[in-house]
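Residue numbers (UniProt numbering): 1 to 373.
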Amino acid sequence: MEKRTTIGNFEAACVILNLLSTKIILDFPRTASEDAGSAAWLMIFLDSVAVYLIYLLITRLYEKFTGKDLLDISEKALGEPGRIIFGIIYLAQFMYVTSLVLRQFAEDIKVISLTTTPVSIVLLIFAVGMVVGAYFGIEAIGRLHVLAIPLLALAFILILLFNIPRYDVTRLSPWLGLGIKAIALKGIINLSYFSEVVAIFFLMPFLKKKERYGEVGRYGIFFAGLFLVLSTLCYLMVYQYPTSTEFFLPVYQMARSIKIGRFFTRIEAAFILIWASCAFLYLSSCLYFITYIFQRAFNLKYRKPLIVPFMILVFTLSLVPENLYSTLQAEMEIYRSFSWVISLIFPVILLAVASLRDWLMRRKEVGKNDMEN
Numbered sequence: 001m002e003k004r005t006t007i008g009n010f011e012a013a014c015v016i017l018n019l020l021s022t023k024i025i026l027d028f029p030r031t032a033s034e035d036a037g038s039a040a041w042l043m044i045f046l047d048s049v050a051v052y053l054i055y056l057l058i059t060r061l062y063e064k065f066t067g068k069d070l071l072d073i074s075e076k077a078l079g080e081p082g083r084i085i086f087g088i089i090y091l092a093q094f095m096y097v098t099s100l101v102l103r104q105f106a107e108d109i110k111v112i113s114l115t116t117t118p119v120s121i122v123l124l125i126f127a128v129g130m131v132v133g134a135y136f137g138i139e140a141i142g143r144l145h146v147l148a149i150p151l152l153a154l155a156f157i158l159i160l161l162f163n164i165p166r167y168d169v170t171r172l173s174p175w176l177g178l179g180i181k182a183i184a185l186k187g188i189i190n191l192s193y194f195s196e197v198v199a200i201f202f203l204m205p206f207l208k209k210k211e212r213y214g215e216v217g218r219y220g221i222f223f224a225g226l227f228l229v230l231s232t233l234c235y236l237m238v239y240q241y242p243t244s245t246e247f248f249l250p251v252y253q254m255a256r257s258i259k260i261g262r263f264f265t266r267i268e269a270a271f272i273l274i275w276a277s278c279a280f281l282y283l284s285s286c287l288y289f290i291t292y293i294f295q296r297a298f299n300l301k302y303r304k305p306l307i308v309p310f311m312i313l314v315f316t317l318s319l320v321p322e323n324l325y326s327t328l329q330a331e332m333e334i335y336r337s338f339s340w341v342i343s344l345i346f347p348v349i350l351l352a353v354a355s356l357r358d359w360l361m362r363r364k365e366v367g368k369n370d371m372e373n
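Below, the structure written as structure tokens:
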């Protein structure tokens with residue numbers, strides 16, 4: 001059975017870190033600056049702190065259910081119908097975001113390097129990698145993350161360091177950007193930038209050190225928040241608002257501007273390798289969680305036969321948007337409006353209800369034993 005598979009806590013933290021940070025190499029710094037102007041970095045910092053605190057609350061509630069995933073909690077709270085209903089909700093969430101991100105990656109690489117290649121062919125290339133990763137399972141995915149994440153983090157840091165000569169702190173003014181109201185209102189919606197954090201609650205049964213589950217999310221959220229804030233801060237120090245809202249791929253644009261001496265130019269070629277590695281790791285992980293959630297929601301014995309059918313569904317959904325602009329609209333106007341509720345609020349509610357039911361059942365058992373005695 002697949003549940004016998006185990007994954008180290010560090011490996012799990014690397015998976016969460018990549019799921020949360022991959023958006024940096026897409027359009028994240030640009031969209032953040034659209035929402036809060038020159039204070040985008042501050043908005044993301046506040047969001048990171050809020051998500052971290054919510055996660056601490058969730059870990060406190062999770063203490064009674066160590067080793068159980070979120071669908072176990074749903075069943076504990078609302079019975080078998082709860083497991084199925086919330087299984088469908090989280091399945092839909094992962095399928096929606098995976099199809100959108102798959103299309104974004106395909107469109108982006110088509111613009112960067114494969115300009116004459118049909119987008120369907122690029123999608124197919126990614127689809128093959130996703131199927132392979134999901135087939136080998138979470139253990140293999142976790143080990144790949146351990147190998148790749150330090151290198152990818154180093155490459156990202158180098159891009160920021162090589163841009164130091166172009167930084168100008170004065171470009172961060174006005175310090176409150178579009179105002180406190182914009183930071184607050186957009187900040188709530190932009191909690192959805194951390195929506196993939198829900199994957200932690202599906203990794204619980206696989207952790208080798210289940211009693212230390214809390215550190216997985218703490219490290220993942222902390223470093224993801226750090227990278228998100230740094231990427232936005234550095235981007236705004238290079239491209240002042242509103243110029244910061246114009247670039248297609250912000251971090252790629254920063255990589256393009258790097259020149260080291262007379263001979264080392266066009267550093268962005270290495271960015272494509274970084275970009276593709278993050279993409280395959282992110283998409284493979286998401287496809288795994290899609291098949292795992294469906295398997296758990298409907299109590300199926302095997303997961304691997306689900307990979308190809310769900311890959312076909314995700315591939316088809318990724319072709320629905322007409323172009324990249326439509327894809328970005330579907331993400332910003334629909335997904336970001338509700339995904340933070342599903343990822344951060346629903347787990348709190350489910351754990352609270354499950355804890356209450358567990359307490360009532362124990363009270364009932366104590367009362368029954370007292371009557372018998």
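Built from N, CA and C at the ideal position, the CB exists for glycine as well.
Quiz item: Three-state secondary structure (DSSP) at Ile258?
Solution: coil
Quiz item: Name the DSSP bridge partner or partners of Leu207?
Solution: DSSP lists Ile7 as the beta-bridge partner residues of Leu207.
Quiz prompt | Run of the alpha helix (DSSP H) containing Glu139, from where it starts to where it stops | solution = 119-162
Quiz item: For Ser192 versus Ser33, is the C-beta spacing smaller than 7 Å?
Solution: no
Self-check item: Reference Val314; option with closest CA among Leu91, Arg60, Asp72
Solution: Leu91
Quiz item: Where do the ends of the alpha helix (DSSP H) carrying Val197 lie?
Solution: Per DSSP, Val197 belongs to no alpha helix (DSSP H) and is neither H nor E.
Exercise. Identify which residue in Phe227, Val146, Met254 has its Cα closest to the Cα of Gln240.
Key: Met254
Exercise. Pick helix, strand or coil for Asn190, following the three-state DSSP scheme.
Key: Three-state DSSP puts Asn190 in a helix.
Exercise. Measure how close the beta-carbons of Leu319 and Ser120 come, nearest whole angstrom, since I'm counting them as under 8 Å.
Key: 7 Å
Quiz item: How many whole angstroms separate the CB atoms of Leu100 and Glu365, which I take to be in contact at a CB cut-off of 8 Å?
Solution: Actually they do not touch by this definition, with Cβ atoms about 47 Å apart.
Quiz prompt | Asn323 classed as buried or exposed, judged by whether at least 16 other C-beta atoms fall within 10 angstroms | solution = exposed
Practice problem: Would you decide whether Tyr302 is buried or exposed? Buried here means 16 or more other CB atoms lie within 10 Å of its CB. | Solution: exposed
Quiz item: CB-CB under 8 Å to Glu215, same chain, minus the five flanking residues each way: which ones, in chain order?
Solution: Asn9, Ala13
Practice problem: Enumerate in chain order the residues of its own chain whose CB-to-CB distance from Ser284 is below 7 Å, with the five nearest sequence positions on each side excluded. | Solution: Gly129, Met130, Gly133, Ala134, Ile141
Quiz item: By the 10 Å Cβ neighbour count, where 16 or more other Cβ atoms means buried, how is Tyr325 classified, buried or exposed?
Solution: Burial state of Tyr325 is exposed, judged by a 10 Å Cβ sphere holding fewer than 16 other Cβ atoms.
Quiz item: Is it right to say Thr66 is buried, meaning 16 or more other beta carbons lie within 10 angstroms of its own, or is it exposed?
Solution: exposed
Quiz item: If you draw a straight line from the C-alpha of Leu158 to the C-alpha of Ile258, how long is it?
Solution: 10 Å
Practice problem: For Leu230, collect the residues of the same chain with a Cβ closer than 7 Å to its Cβ; drop the 5 residues on either side in sequence, then sort them by chain order. | Solution: Leu160
Exercise. Sort Trp41, Ile58, Tyr96, Ile16 by Cα distance to Ile290 and report the nearest one.
Key: Tyr96
Practice problem: Quick one: measure Cβ to Cβ for Ile16 and Val348, integer angstroms, because I've assumed they're closer than 8 Å. | Solution: Incorrect: roughly 18 Å between the Cβ atoms, too far for contact.
Exercise. Would you tell me roughly how many angstroms separate the C-alpha atoms of Glu2 and Ile88, rounded to the nearest one?
Key: Unreliable positioning characterises Glu2 in this predicted model, as indicated by a pLDDT of 46, which lies under 50. A coordinate reading is not provided.
Quiz item: What's the gap between the Cα of Thr5 and the Cα of Tyr252?
Solution: 37 Å
Quiz prompt | Spatial neighbours of residue 383 in its chain, beta-carbon cut-off 6 Å, leaving aside the 5 residues before and after | solution = Outside the shown range of the chain (1 to 373) lies residue 383, about which nothing can therefore be said.
Quiz prompt | Three-state secondary structure (DSSP) of Gln240 | solution = coil
Quiz item: Does the count of Cβ pairs from the segment 197-216 and the segment 60-74 closer than 8 Å reach three?
Solution: Here the segment 197-216 makes contact with the segment 60-74; the two share three or more CB pairs at distances below 8 Å.
Quiz item: Trp275: which of Asp27, Tyr292, Ile7 sits nearest, CA to CA?
Solution: Asp27
Quiz item: Which same chain residues, not among the five before or five after Gly82, have their C-beta less than 7 Å away from its C-beta?
Solution: Same-chain partners within the cutoff: Ser74, Glu75.
Quiz item: Under a three-way DSSP split, which group does Glu75 fall into?
Solution: Correct three-state label for Glu75: helix.
Exercise. Return the residue from the list Ala40, Leu123, Val51 that minimises the CA-CA distance to Met311.
Key: Residue Leu123 is the option with its Cα nearest to Met311.
Self-check item: Identity of the residue in Thr98, Leu56, Tyr55 nearest Phe280 by Cα
Solution: Thr98
Quiz item: Do you know offhand how far Ala77's Cα is from Asp47's?
Solution: Each residue's alpha carbon lies about 28 Å from the other.
Practice problem: Can you say whether Leu328 is buried or exposed, counting buried as having 16 or more other CB atoms within 10 angstroms of its CB? | Solution: buried
Quiz item: Exposed or buried, Val198, counting other C-beta atoms within 10 Å across all chains shown (16 or more means buried)?
Solution: buried
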